[in-house]
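Reviewing the structure listed below.
Rendered as structure tokens:
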């Protein structure tokens, strides 16, 4: 099976990959990790073009009633300790759900009605020179505060964003600053808005009723959604599902950067309108904070982004018969500690094989 990169993505990375240094051995560190984060940065960046554009796009983003307030301070992960004059890292939990929560109205979230399809912990380093993104498989078997052990995606079903935040903090020891909930199915509309995506497939497959050959293939939104949602037919189940989600995000970023979206004001506005309609953020993640974050990240390049998956120890079966993913606690502990201390880049440089990076082709 080929391990060649899709040409479109090859062109993207070849322009910025350094010839040596601590990051030269890593593959697929893609500019801003997920379309969700890109949208937040670009929304803030539209201020230069006109406040009315910024306001209109920002008004598309729904606001969650403070998801942090229900969590007692004693139950939260400790804040990062920094030296005088230094800034702490910013940690954003991105959740892909089957539907977003509406404008802080608790009636829009019902117990048992939703689970998360995707979960990413994004850390922006305090010096704003690096971004680390860690995917957590949805079937990871973890302790959910107040509910015992269960799959991590059940936390959203049991207690919405608040319990999910507490669960991830309990698992990682990392204090979360902001949460973003994205309507996963709407990513299909985003894909169509940017003219489709190119994904490099290891094997031929059928997506949304269409047979697709192996290799670099152009997928429309419906096909890309089917690609990212599949799990049961994949040889490695949830592990391959996470890789597919990451590959879709990666391909969307590449399509935006290579298809002239950013240089065409009309297409950019249409793209941002579509993206922002899929988002809900905590009420503390204001447009002013987004703008400040965007400006602080102005020097970030694709080679400054690390895309990884939490270390796992394979799969298993729970006492009640569920198929689960087992987190490798020994391997994960130093990575979590690096997240806690804003030393992820240093940890990965010293331990280049410690995490699973996204391969060029996916099952």
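Numbering (the working numbering), first residue to last: 3 to 365.
From the three backbone atoms N, C-alpha and C, an ideal C-beta is built for every residue, glycine too.
Just so we're clear, the structure is a prediction, and the values are computed from it rather than from any experiment.
Simplified DSSP state of residue i, which is helix, strand or coil
i: residue 64; result: strand
i: residue 218; result: strand
i: residue 119; result: strand
i: residue 265; result: coil
i: residue 257; result: helix
i: residue 70; result: coil
i: residue 288; result: coil
i: residue 202; result: strand
i: residue 299; result: coil
i: residue 174; result: helix
i: residue 223; result: helix
i: residue 192; result: helix
i: residue 275; result: helix
i: residue 249; result: helix
Inter-residue spacing [alpha-carbon to alpha-carbon] between residue i and residue j
i: residue 83; j: residue 122; result: 23 Å
i: residue 348; j: residue 159; result: 36 Å
i: residue 326; j: residue 190; result: 27 Å
i: residue 18; j: residue 319; result: Low confidence applies here, because residue 18 scores a pLDDT of 34, under 50, leaving its location unreliable; read the following figure in that light. Answer to the nearest angstrom: the Cα atoms are 43 Å apart.
i: residue 345; j: residue 328; result: 25 Å
i: residue 253; j: residue 201; result: 6 Å
i: residue 1; j: residue 208; result: Any answer about residue 1 is impossible in this case: the structure gives the chain only from 3 up to 365.
i: residue 277; j: residue 57; result: 15 Å
i: residue 149; j: residue 168; result: 12 Å
i: residue 246; j: residue 195; result: 20 Å
i: residue 289; j: residue 171; result: 25 Å
i: residue 284; j: residue 60; result: 13 Å
i: residue 333; j: residue 232; result: 28 Å
i: residue 192; j: residue 258; result: 10 Å
i: residue 90; j: residue 165; result: 24 Å
i: residue 119; j: residue 244; result: 9 Å
i: residue 143; j: residue 216; result: 33 Å
i: residue 36; j: residue 74; result: For residue 36, the pLDDT reaches just 48, beneath the cut-off of 50, and the residue's location in the model is therefore unreliable, although a value from the coordinates is still provided. Their Cα atoms are separated by approximately 30 Å.
i: residue 267; j: residue 152; result: 46 Å
i: residue 330; j: residue 315; result: 5 Å
i: residue 224; j: residue 206; result: 17 Å
i: residue 141; j: residue 155; result: 7 Å
i: residue 146; j: residue 269; result: 42 Å
i: residue 317; j: residue 242; result: 12 Å
i: residue 28; j: residue 177; result: At residue 28 the pLDDT is 33, less than 50, meaning the model places this residue with poor confidence and gives no usable figure here.
i: residue 68; j: residue 287; result: 10 Å
i: residue 161; j: residue 239; result: 26 Å
i: residue 131; j: residue 76; result: 31 Å
i: residue 355; j: residue 173; result: 22 Å
i: residue 211; j: residue 98; result: 24 Å
i: residue 179; j: residue 271; result: 28 Å
i: residue 291; j: residue 256; result: 26 Å
i: residue 86; j: residue 297; result: 22 Å
One or two residues paired with residue i in a DSSP bridge
i: residue 153; result: 143
i: residue 53; result: Per DSSP, none; premise fails for residue 53.
i: residue 98; result: 120 and 184
i: residue 125; result: 93 and 134
i: residue 332; result: Beta-bridge pairing links residue 332 to no other residue.
i: residue 282; result: 64 and 183
i: residue 167; result: None, per the DSSP bridge assignment.
i: residue 235; result: BP columns for residue 235 are empty, so no partner.
Candidates the options, of which the one nearest residue i by Cα
i: residue 279; options: 187, 81, 295 and 78; result: 187
i: residue 218; options: 98, 210, 287 and 198; result: 198
i: residue 65; options: 226, 54, 268 and 181; result: 181
i: residue 369; options: 227, 286, 80 and 282; result: Given that the chain is displayed from residue 3 to residue 365, the structure contains no residue 369 and the question cannot be resolved.
i: residue 338; options: 124, 223 and 54; result: 124
i: residue 301; options: 94, 96, 71 and 127; result: 127
i: residue 250; options: 235, 221 and 298; result: 221
i: residue 183; options: 54, 274 and 96; result: 96
i: residue 281; options: 263, 62 and 292; result: 62
Within-8 Å CB hit, residue i to chain C
i: residue 119; result: The structure shown has no chain C; it contains just one protein chain.
Any 3 or more C-beta pairs closer than 8 Å across the segment 305 to 312 and the segment 135 to 154:
yes
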